[in-house]
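Asks: In my numbering, the protein residues as written are 6 to 968. My questions all concern the structure below.
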């Protein structure tokens, strides 16, 4: 296996449908109008030398290396900035051009270090390649004049004078270095930061010989606004910007295309390797979710896969107070199986269950739910979607007939108005955010509905209409938007009559038209200016293609399902369903949370969202699995906890999920886990849940296994094994081993066989196979006879359920209220550099950006409580209390505080309550009444928790047998 080489066409692909024909070096070629001559030549197989051009950014024309001659035209224009036109006759190699290019290259090399043999980019340097391509054999200009290469001036070397033009290497960023002496000022990094990422953190300072790349106002990379997405490093044609891993390890020798294991965007990467060591992760240009871009997590934060804290051997113990004992895989499987069998004999078949992982593959998740249903003999299976996007499944299935987003990510390129509700893509889904911001810079409008002024509200060349609602009032705000649209006659009546149930629409329209749902009437609850709300409604209804993107700020409420339904209503009433540029798009939090739901991880649904009580459906699975299935839905996660405390649920298998840190009301979760007789944790690290576990089964990372992930756009993508599992087994093999010990054998030789079984049993996956994924790269479900290559956009021409269903969404205030004791509202979220509970990112260099959770508080609220920036504060709710340091900011409104939940020493969820969504039990993380007061440091509960965790993580030394 060798390195996968991607062709760089020099300039972006033209989307024009008009074709033009020209002649290049005697060859006739036809290309879309607007294609550069450079790209046209490359498509014909002719590579014109270049340095400043790359197909990820627009043409710039500064390096003067890609010169060409055109018959009938004077001069030698740059091929990157010259468009192909009908009838042109182009020459890319003439005596004149050869001399010009050699002269240009001489000038570049005269101010560049000649340390090629020891340079980290040796073998992967475009400057080196182009010197060879133009036939450069000698440089007439030496270093006697001014240069940027040496720290000491060559004219005064004997006197040791400093060279003012030289700058030292910037090694401040934990993942890459910036060496100004090797910079050719091609501006590719600056343009990548602007055009691809949209951060505008880099610029070219100075003019002429003084020109240089500058992060911010001549800051270090770490101290600047750089978000470490890696776009600049990827764009750099020299060793100026180089990954530290390449400097340390050397150039990679092979690469494997795989899928990122962080958020729900599902970026495709080339894992570039030397042997079984990862050298770097490079975003793949053919990745249909990320289109060659990346964020700091996927690009750089893979070091957790080899972190010293990773557990590689199975462990068991009788009591959680005991130290762990390392054992063989068979011993661990047999111990776990004996415990679970004993529990079922003592308490009944339904006394055990499991939780699937949204970080594992579709195939692994499918096996866990199969083990529980067929091996345990019950339907006590749930997944982390219970605490994040379960309201999405309910709300969209009720209104549209499917429980997933309607669009692909490419759709954003066609949108005219974007409404973001309860999401911060810049922090949680940064690659999608970059694509969105590019569209916004092109003129699309943005409406942000969020209690906090997120990064999306204002960024370079983008300013949104912000509706800063009070936490918990989503339903009132979205219904008020609908009120304006209906009462002002802005509804798309033709769409509604054709695609939706008209009588249901009439009932709904009468409801939203009620004066109590007007922006003016709801303002007292929502805190949103009625003028701004009316403007937002008019923009969305009349601005062209309107797309709604939402996140956990919608679903993690007591009315989460109601808000999803209200969003669906809003899309239907404006006709924004069933074509590019529109739709309802949930931004999924974890890499495979969509897939875990698709694979039957809910207690009432088999794979494909088919109810367990359906005889015909259940019989299909019984025939395939050769076992009788229970037709009664099992326990949801909150029910499992309650039953454990009651003494009726005593065994839990948790794969790849840290429920103690991620689920609400930490004290309640602790009580539940402590009550169980056997908790099996299957993970990479001794996470917080493992503090209360009796069996630890070491997991494998995404680099160590084959499988598939399904991202937020329903895109099924391959995960490919690039190294041997350090724990000895891939996760699917671990589940098979446990099942065998339980007496339920599953026979698979490769995950492709598991996918074949999934396809045979799941109508939306009928056409999915590893062979098809190899052929097409990825597919979006439904993929079946009706859509053999998948379905990028849902509900074209009609809804899956038939007619779209309008449902009345009455606003009901949460039971979690503020008052004299708890006058503030706490809401939670993520930060760019960290991911979920931080188990992975905390074990990387990403901690340099976010070493602790901080509490954002408005200066007014802080002043009233005597709190200064950086002070320790006590955060207390009706459920519990914790301490953390304050961060004073006006990004939150007075009366609202905000924190993240990435660090277990904070345990933010000890604060959150057990209030949950009425339909799905999704916890109400986003609304908790709290009080803030000064503190001297960690609370007594935090100290006790930390002591218990330290005690629980002890591993007994292995005693070697005497000879």
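Yeah, the Cβ is synthetic: ideal placement off N, Cα and C, and Gly gets one too. Quick caveat, the model's predicted, so the values are computed rather than measured.
(1) For residue 791, which residues in the same chain have their Cβ closer than 7 Å to its Cβ, ignoring the five residues on either side in sequence?
(2) Three Cβ pairs or more, each shorter than 8 Å: is that satisfied between the segment 266-276 and the segment 290-300?
(3) Out of 368, 647 and 210, which has the shortest C-alpha to C-alpha gap to residue 679?
(4) Just to confirm my understanding: we take residue 549, look at its own chain, exclude 5 residues before and 5 after, and list those with CB closer than 7 Å. What are they?
(5) Taking only runs that begin and end inside the segment 67-103, name each unbroken beta strand (DSSP E) of 3 or more residues, in chain order.
(6) Could you tell me which of 951, 964, 493 and 867 sits nearest to residue 937, measuring between CA atoms?
(7) Work out the CA separation of residue 322 and residue 961 for me, nearest whole Å.
(8) Who pairs with residue 841 in a beta bridge, going by DSSP?
(9) What residue range is occupied by the uninterrupted alpha helix (DSSP H) comprising residue 254?
(10) Kindly confirm or deny that the segment 617-632 and the segment 576-591 touch, where touching means at least three C-beta pairs closer than 8 Å.
(11) Three Cβ pairs or more, each shorter than 8 Å: is that satisfied between the segment 703-719 and the segment 860-874?
(12) Would a C-beta distance cut-off of 9 Å place residue 395 and residue 660 closer than the cut-off?
(13) Count the CB pairs spanning the segment 465-475 and the segment 514-528 that are closer than 8 Å, and state whether there are at least three.
(14) Are the beta-carbon atoms belonging to residue 683 and residue 657 less than 9 Å from one another?
(15) Return the residue from the list 931, 748, 838 and 894 that minimises the CA-CA distance to residue 379.
(16) With distance defined between alpha-carbon atoms, name the residue in 955, 544 and 509 nearest to residue 574.
(17) Can you grab the Cα-Cα spacing for the pair residue 9 / residue 264, in whole Å?
(18) Can you find the residues in the same chain that come closer than 7 Å, C-beta to C-beta, to residue 407, ignoring five residues on each side of it along the sequence?
(19) DSSP has residue 210 in a bridge; who is on the other side?
(20) Kindly indicate the opening and closing residues of the beta strand (DSSP E) around residue 688.
(21) Residue ranges of each alpha helix (DSSP H) run of no fewer than 4 residues wholly in the segment 108-175, ordered along the chain?
(22) Report the residue from 48, 328 and 496 whose alpha carbon sits nearest the alpha carbon of residue 18.
(23) Give a yes or no on contact between the segment 907-925 and the segment 875-888, applying the rule of three or more CB pairs nearer than 8 Å.
(24) How far does the alpha helix (DSSP H) with residue 397 in it extend, from its first residue to its last?
(25) Compute the Euclidean distance between the alpha carbons of residue 816 and residue 475, then round it to the nearest angstrom.
(26) Would residue 484 be called buried (16 or more neighbouring beta carbons within 10 Å of its own) or exposed?
(27) Around the Cβ of residue 163, are there at least 16 other Cβ atoms within 10 angstroms (buried) or fewer (exposed)?
(28) Could you give the DSSP three-state label for residue 260: helix, strand or coil?
(29) Pop quiz: residue 138 and residue 187 are said to be a contact at Cβ under 8 Å. What is the actual Cβ separation, rounded to whole angstroms?
(30) From the DSSP output, which residues share a beta bridge with residue 505?
(31) What is the rounded straight-line gap between the Cα of residue 52 and the Cα of residue 765?
(32) On the three-state DSSP scale, how would you describe residue 891?
(33) Exposed or buried, residue 317, counting other C-beta atoms within 10 Å across all chains shown (16 or more means buried)?
(34) Using a Cβ-Cβ cutoff of less than 6 Å, which residues in the same chain neighbour residue 793 once the five nearest sequence positions on both sides are dropped?
(35) Near residue 896, what residues of its chain come up, given a Cβ to Cβ distance below 7 Å and the 5 sequence neighbours on each side ignored?
(36) Could you compute how far the alpha carbon of residue 605 sits from the alpha carbon of residue 489?
Replies: Per the coordinate set shown:
(1) Nothing meets the Cβ criterion.
(2) Segments in contact, yes.
(3) Residue 647 is the option with its Cα nearest to residue 679.
(4) Cβ within range, chain order: 421 and 422.
(5) List check, beta strand (DSSP E) in window: 94-96.
(6) Closest in alpha carbon position to residue 937, among 951, 964, 493 and 867, is 867.
(7) Rounded to the nearest whole angstrom, the CA to CA distance from residue 961 to residue 322 is 10 Å.
(8) According to DSSP, which records beta bridges pairwise, residue 841 is partnered with nothing at all.
(9) From DSSP, the alpha helix (DSSP H) with residue 254 extends over 249-254.
(10) Too few Cβ pairs lie closer than 8 Å, so no.
(11) The segment 703-719, when compared against the segment 860-874, does not touch it at the 8 Å Cβ threshold.
(12) Cβ distance not < 9 Å, so residue 395 and residue 660 don't count as in contact.
(13) With a cut-off of 8 Å, the segment 514-528 and the segment 465-475 do not count as touching, because too few Cβ pairs lie within range.
(14) In contact: residue 683 and residue 657 (Cβ atoms closer than 9 Å).
(15) The shortest Cα separation from residue 379 among 931, 748, 838 and 894 belongs to 748.
(16) Closest option to residue 574, Cα to Cα, is 509.
(17) Answer to the nearest angstrom: the Cα atoms are 15 Å apart.
(18) Excluding residues up to 5 positions away in sequence, 401, 799 and 805 lie with their Cβ nearer than 7 Å to the Cβ of residue 407 in the same chain.
(19) 217, per the DSSP bridge assignment.
(20) Looking at the DSSP string, the run of the beta strand (DSSP E) that includes residue 688 is 683-688.
(21) Runs found: 131-138.
(22) Checking every option, the nearest Cα to that of residue 18 belongs to 48.
(23) A contact exists between the segment 907-925 and the segment 875-888.
(24) Residue 397 -> alpha helix (DSSP H) spans 395-404.
(25) Each residue's alpha carbon lies about 14 Å from the other.
(26) Burial call: buried.
(27) Residue confidence is low: residue 163 scores 46 on pLDDT, short of 50, so the model does not pin down where it sits. Its coordinate-derived value is still stated next. Residue 163 is classed as exposed because its beta carbon has fewer than 16 other beta carbons within 10 Å across all chains shown.
(28) Here residue 260 carries a strand assignment [DSSP, helix/strand/coil].
(29) Taking a contact as a CB-CB distance under 8 Å, the pair residue 138 and residue 187 does not count as one, their CB atoms being some 19 Å apart.
(30) Residue pairing for residue 505: DSSP places it in a beta bridge opposite 809.
(31) If I take the Cα positions, the gap works out to 47 Å.
(32) Here residue 891 sits in strand by DSSP.
(33) In summary, residue 317 is exposed, with fewer than 16 beta-carbon neighbours lying within 10 Å of its beta-carbon over all protein chains present.
(34) Contacts found: 772.
(35) Within its own chain, the residues whose Cβ lies closer than 7 Å to the Cβ of residue 896, once the five positions on either side in sequence are excluded, are 457, 458 and 861, listed in chain order.
(36) So the alpha carbons of these two residues sit roughly 40 Å apart.
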